[in-house]
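K.L.:
Okay, so the sequence shown: first residue is 844 according to my numbering, each after it adds one. Ideal placement from N, C-alpha and C gives every residue a C-beta, glycine not left out. Encoded as structure tokens, here's the structure I'll be asking about.
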Amino acid sequence: MERRTVLITGCSQGGIGSALAEVFHQRGFHVFATARKTEKMKHLRDLDRMTLIPLDVTQESQISAAVELIQKHTGGTLDYLVNNAGDGYIIPVLDCDQLHGRQIFEVNFWGPLRMIQEFSPLLIAARGTIVNINSVASETLPLWLGIYSSSKAALLALSETLRLELKPFGVQVLSVMTGAVQTMIFQTNYRLPPDSAYMTWEKQIAAQAEGSEKASRMSATVYAERVVGDILNRQGGITYRGQMASFAYWVVALMPRFLRDLVTVKMAGIS
844 MERRTVLITG CSQGGIGSAL AEVFHQRGFH VFATARKTEK MKHLRDLDRM
894 TLIPLDVTQE SQISAAVELI QKHTGGTLDY LVNNAGDGYI IPVLDCDQLH
944 GRQIFEVNFW GPLRMIQEFS PLLIAARGTI VNINSVASET LPLWLGIYSS
994 SKAALLALSE TLRLELKPFG VQVLSVMTGA VQTMIFQTNY RLPPDSAYMT
1044 WEKQIAAQAE GSEKASRMSA TVYAERVVGD ILNRQGGITY RGQMASFAYW
1094 VVALMPRFLR DLVTVKMAGI S
């Protein structure tokens, strides 16, 4: 029996992708782990069945090179593609830098789409699975995350459409709606633009950007173990993982809009 294969983007140490790579490896997979710079994955390099690939999902030439490498290694198949690479952007919408905002969409939306298009022949050949790591923010729409949430909402719409379009080819699509997870990926010394209308709430916004707010978070390892279980046991669709992810689902599903607005504003620490 041939060993199953998985490609995971965004595997820098301390993040969700790294934890997913380690759990898949423990499950016996050959893991193709990617990051913009391979030195950010040096903690993985001594593992057997672990191939490190430099890959920026905004660079088509690097994606094409990764396709060629994996095609040669597997004979033209890929069992699982996990689109995890992503960038955050915590800023009031009025203060958004539009060039930065476009870059967020390049990484969070167009990047996964490029990966899916380029790897689709390998996934179809394997009757494989596409996994898009999403965020509950795409549904709960918290303050200060308007650009990020919009990019993830676009990814969710894309994923759900693809899930149906790829059914004739036997390819599954799973969206993982992620709640709070302990990672090392936070900003430091956060500052609003000096002319921001939101300076009164800079402390609260900075706490969220720097990961210093009081919210509890699920460990990346526990999150990864549960997500890999979902990936291997589900037939596509949507799953919720991470601290408060299930709660977020029920809030969106059952809570009236005016109550959700009150909760959202209170959680942001403004009045």
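#1: If you draw a straight line from the alpha carbon of THR920 to that of VAL1094, how long is it in whole angstroms?
#2: If I measure Cβ to Cβ from ALA968 and keep anything under 7 Å in the same chain, skipping five residues before and after, which residues do I get?
#3: Would SER1002 be called buried (16 or more neighbouring beta carbons within 10 Å of its own) or exposed?
#4: On the premise that ASN975 lies in contact with LEU1009, defined as a C-beta separation below 8 Å, what is that separation, rounded to the nearest angstrom?
#5: Roughly how many angstroms lie between the CA atoms of VAL950 and ILE896, to the nearest whole one?
#6: Between the region 982-993 and the region 927-935, can you find at least three pairs of beta-carbon atoms closer than 8 Å?
#7: With DSSP as the reference, label GLN869 as helix, strand or coil.
#8: Just to confirm the assignment, what range does the alpha helix (DSSP H) spanning LEU965 have?
#9: With DSSP as the reference, label ILE1048 as helix, strand or coil.
#10: Compare the C-alpha of GLU982 against each of THR848, PHE1090, GLY857, GLY860 and name the closest.
#11: Can you tell me where the alpha helix (DSSP H) holding LEU1116 begins and where it ends?
#12: With 16 as the cutoff for other CB atoms within 10 Å, does ALA1096 come out buried or exposed?
#13: Short of 6 Å in beta carbon distance, which residues of its chain neighbour PRO1036, apart from the five on each side in sequence? Order them along the chain.
#14: Does the beta-carbon of ALA1040 have 16 or more other beta-carbons within 10 angstroms, so that it is buried, or is it exposed?
#15: Label ILE859 either buried or exposed according to how many other C-beta atoms from any shown protein chain fall within 10 Å of its C-beta, with 16 as the threshold for buried.
#16: Between GLY1085 and VAL1024, how many whole angstroms is the CB-CB distance? I'm expecting something under 8 Å.
#17: Quick one: grab the DSSP three-state call for ALA1115.
#18: Considering SER907, what are the terminal residues of the alpha helix (DSSP H) in which it resides?
#19: Since SER859 sits in a beta bridge, which residues does DSSP pair it with?
#20: What does DSSP give as the partner residues of LEU1001 in its beta bridges?
#21: Go ahead and pull the three-state DSSP assignment for MET1020.
#22: GLY1112 and GLN1047 look like a contact to me (Cβ under 8 Å); what is the Cβ gap, rounded to whole Å?
P.N.:
With the structure as the only source:
#1: Within the model, the alpha-carbon separation for THR920 versus VAL1094 is close to 40 Å.
#2: Contacts found: GLY919, THR920.
#3: Taking every protein chain shown into account, the CB of SER1002 has 16 or more other CB atoms within 10 angstroms, so this residue is buried.
#4: In this structure LEU1009 does not touch ASN975 by the C-beta definition: roughly 12 Å separates them, more than the 8 Å allowed.
#5: VAL950 and ILE896: Cα-Cα distance of roughly 17 Å.
#6: Enough Cβ pairs lie closer than 8 Å, so yes.
#7: Three-state DSSP puts GLN869 in a helix.
#8: Counted as a single uninterrupted DSSP element, the alpha helix (DSSP H) harbouring LEU965 occupies residues 954-969.
#9: If DSSP states are grouped into helix, strand and coil, ILE1048 belongs with the helices.
#10: Relative to GLU982, the option among THR848, PHE1090, GLY857, GLY860 whose CA is nearest is PHE1090.
#11: This structure cannot settle anything about residue 1116, because the visible part of the chain is limited to 844 through 1114.
#12: Flag for ALA1096 reads exposed.
#13: Closer than 6 Å at the Cβ level, and outside the excluded window around PRO1036, lie ASP938.
#14: ALA1040 counts as exposed, since fewer than 16 other C-beta atoms from the protein chains shown sit within 10 angstroms of its C-beta.
#15: Looking at its Cβ environment, which holds 16 or more other Cβ atoms inside 10 Å, ILE859 is buried.
#16: About 5 Å separates the two Cβ atoms, so the contact holds.
#17: With the chain represented from 844 up to 1114, any question about residue 1115 goes unanswered, as that position is not in the structure.
#18: Start and end: 903-917.
#19: The question names Ser, yet the displayed sequence has Ile at residue 859. Paired residues: none, contrary to the question.
#20: Beta-bridge pairing links LEU1001 to no other residue.
#21: The answer is strand: DSSP assigns MET1020 an E or B state.
#22: GLN1047 and GLY1112 do touch by the CB rule: their CB atoms are close to 4 Å apart, below 8 Å.
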